[in-house]
Amino acid sequence: MTGDLFATHQDEPYAERLGDCTVWLHGFAYNSASALVRAIEEIAREAPFRQMITPGGFRMSAAMTNCGRLGWVTDRTGYRYTEHDPQTARRWPEMPDCLLELATSAAQEAGYSGFAPDACLINRYLPGSRMSLHQDKNEEDYSAPIVSVSLGLPMVFQFGGMARNDKPARLPLSHGDVVVWGGADRLRYHGVSPLKSGYHELTGDCRINLTFRKAGA
Ligand code: MD6
Ligand code: FE
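Numbering that gives the first Met the number 0 applies: residue 0 is where the sequence shown begins, and numbers increase by one.
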């Protein structure tokens, strides 16, 4: 099983183009991952991870929190961005410099200069957690890209088309991978398949995903 022998080896980072306006930056966040995970733990002390309720009344299997000026939330009244955490009534924690720096440099690397995210949604997946196919369309304008960072256990990202029924590509995202998408790909359907159980030295039994967005005007 050579796979096991090399399981802890990280290849050199490289960029893979997925669509006209989407780039998969393999390993881009690998070296900053431990700082990112520490910063996320700090954020979660102020704004705890919670499983939100969809407008349809279902509890999401991924637990979420946010940092930055705006945070994405859902409850029975709908999906939206808020300046305050509905659970604590406080502002969302500030976006730490190490997160902002990673997001802007990944966007730059993918050809999007001047990315200025005002929101970072933090998703935590435990074994069995998933996210069904959806479009990200709660942002004020779609001209900015989204930067998505994967930490911890690997997970299969479903990268679909502009219609819900388009058959999605299945991309195995690893610890430290970053996907940047925007432009013509900004409204593609996407989701993640259920997380398989495992252990990662930085995150333990979970996968954490960060999505940076320009959500407000
Ligand atoms: C996830 N990601 O990877 C879920 N959305 O856990 C998303 O929903 C997502 O990765 C917009 C852009 C990139 C993403
Ligand atoms: Fe999304």
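The beta-carbon is built from N, C-alpha and C at its ideal position, and this holds for glycine as well.
- In the three-state scheme derived from DSSP, where H, G and I count as helix and E and B as strand, GLU15 is classed as strand.
- For a cut-off of 8 Å, the C-beta gap from ARG206 to SER149 is around 7 Å, short enough to register as a contact.
- The beta strand (DSSP E) runs of length 3 or more contained entirely in the stretch 60-102 are, from start to end of the chain, 62-66, 70-74 and 77-81.
- DSSP lists no bridge partner for LEU201.
- Distance from PRO167 to PHE158 at the Cβ level is roughly 6 Å; contact confirmed, criterion being Cβ atoms closer than 8 Å.
- Check the Cα spacing between ARG75 and each of GLY56, LEU69 and VAL146: the tightest is with GLY56.
- Annotated three-state conformation of ARG129 is coil, per DSSP.
- Of the other Cβ atoms in all chains shown, 16 or more fall within 10 Å of the Cβ of CYS66; this residue is therefore buried.
- For MET154 and ILE121, the gap between their C-alpha atoms comes out near 15 Å.
- Residue environment for HIS83: exposed (fewer than 16 other C-beta atoms within 10 angstroms of its C-beta).
- In the three-state reduction of the DSSP assignment, ARG123 falls in the strand class, which pools E and B.
- By DSSP's assignment, GLY190 forms a beta bridge with GLN157.
- PRO95 and PRO116 have their C-alpha atoms roughly 12 Å apart.
- Residue selection by CB proximity (closer than 6 Å to any heavy atom of the ligand FE) returns HIS133, ASP135 and HIS189 in chain order.
- Contact check for ARG123 against ALA183 fails: the beta carbons are separated by 8 Å or more.
- Around the beta-carbon of TYR188, 16 or more other beta-carbon atoms lie within 10 Å, marking it buried.
- In this structure, GLU108 lies near ALA14, with their beta-carbon atoms less than 8 Å apart.
- Excluding its 5 nearest sequence neighbours in each direction, ALA162 has C-beta neighbours in its own chain below 8 Å: TYR188, listed in chain order.
- Bridge partners of ALA118 according to DSSP: LEU69 and ARG212.
- DSSP places SER33 inside the alpha helix (DSSP H), whose first and last residues are 32-45.
- Residue pairing from DSSP places PRO171 in a beta bridge opposite VAL155.
- By the Cβ-count criterion, THR64 is buried, with 16 or more other Cβ atoms from all chains shown falling within 10 Å of its own Cβ.
- Where THR21 is concerned, the enclosing beta strand (DSSP E) starts and stops at 21-25.
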